[in-house]
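Remember, the numbering used here sits 12 above the position in the sequence shown when you count from 1.
The beta-carbon is built from N, C-alpha and C at its ideal position, and this holds for glycine as well.
The model shown is predicted, which means the values in this text are computed figures rather than measured ones.
The next block holds one structure in the form of structure tokens; read it before the comments.
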Amino acid sequence: MTCFKTRPADSFPDAVTRIMGELTAEGAGEIIGTRGGRVRAASDPDQVNYSPLSVEQALLLDIAFAKATGREGPLLRAFRIQYCAEVGDACEQLPIVTRIGSIARESGEALHAMSAMVHPDSPGGAETTPSEARAAIKELDEMIREAEAAKADLMRKAGLSR
Numbered sequence: 013m014t015c016f017k018t019r020p021a022d023s024f025p026d027a028v029t030r031i032m033g034e035l036t037a038e039g040a041g042e043i044i045g046t047r048g049g050r051v052r053a054a055s056d057p058d059q060v061n062y063s064p065l066s067v068e069q070a071l072l073l074d075i076a077f078a079k080a081t082g083r084e085g086p087l088l089r090a091f092r093i094q095y096c097a098e099v100g101d102a103c104e105q106l107p108i109v110t111r112i113g114s115i116a117r118e119s120g121e122a123l124h125a126m127s128a129m130v131h132p133d134s135p136g137g138a139e140t141t142p143s144e145a146r147a148a149i150k151e152l153d154e155m156i157r158e159a160e161a162a163k164a165d166l167m168r169k170a171g172l173s174r
């Protein structure tokens with residue numbers, strides 16, 4: 013089992029870590045024509061050899077991730093969230109369909125983590141382990157963050173205040 017450092021959700025290093033979790037570092041390296049260590053280096057800004065991916069590499073990895081999972085690429089998601097946090101109103105042009113899809117995906121991931129946590133065959137059996145709880149909480153936080161962003165978008169578009 014490979015262990016990864018926890019990174020802030022929706023950061024680029026977190027996105028690369030998610031891709032490695034699905035495609036493996038070596039598989040991701042093959043996709044962008046480099047070695048797995050290069051991909052691992054892009055997920056760890058604490059290392060002296062840290063080097064972010066190029067836009068072209070990020071695009072290739074996100075496409076491979078989306079094709080493998082049927083979900084939005086985590087690098088695109090990180091870019092979109094960080095971009096919208098900086099430009100605010102310019103993101104109002106993002107279609108609500110994108111928000112609906114994101115909320116549905118995050119809800120599904122949260123429900124899956126919670127179901128896995130209480131399944132009799134889970135690592136903790138009838139008892140929830142701290143690791144299982146952390147995984148479920150992380151997915152719930154991502155779902156809530158996406159739902160809150162959608163709510164804020166709708167309130168802004170409708171001219172409603174909190």
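Whole angstroms are fine: how far does the CA of residue j sit from the CA of residue i?
i    : j    : result
T14  : A128 : Since pLDDT at T14 reaches only 49, below the 50 mark, its modelled position is unreliable, and the value read off the structure follows with that caveat. The straight-line gap from Cα to Cα measures roughly 20 angstroms.
A116 : L152 : 12 angstroms
V99  : I93  : 10 angstroms
A162 : G171 : 14 angstroms
I156 : G113 : 14 angstroms
E42  : P64  : 17 angstroms
D101 : I108 : 14 angstroms
S143 : T36  : 21 angstroms
E19  : L71  : Per the sequence shown, residue 19 should be read as Arg rather than Glu. Rounded to the nearest angstrom, the two C-alpha atoms are 21 angstroms apart.
K169 : A145 : 36 angstroms
Y95  : S173 : 23 angstroms
A97  : E160 : 13 angstroms
H124 : G82  : 16 angstroms
E154 : T46  : 31 angstroms
Less than 8 angstroms separating the beta-carbons of residue i and residue j?
i    : j    : result
L73  : A40  : yes
R30  : P86  : yes
E118 : E158 : yes
A80  : E38  : no
M126 : A148 : yes
T141 : P135 : yes
S187 : P25  : The chain is shown from 13 up to 174; residue 187 falls before or after that span and cannot be answered.
R111 : D165 : yes
A76  : E84  : no
Is the CB of residue i under 8 angstroms away from at least one CB in chain D?
i    : result
S119 : Judged by its chain identifiers, the structure shown contains no chain D, having just a single protein chain.
Taking 6 angstroms as the limit between beta carbons, can you name the residues of its chain near residue i, skipping five residues before and five after?
i    : result
A27  : P86, L87 and A90
N61  : A53
Q69  : I44
K150 : none
G48  : A37, E38 and G41
C103 : C96
What does a CB cutoff of less than 8 angstroms around residue i pick up in its chain, not counting 5 residues either side in sequence?
i    : result
A138 : P132
V130 : T140
Within a Cβ cutoff of 7 angstroms, which residues of the same chain sit near residue i, ignoring the five residues on either side of it in sequence?
i   : result
S23 : A90
Item checked: Segments assigned alpha helix (DSSP H), at least 4 residues, entirely inside the region 88-147 -> 108-130
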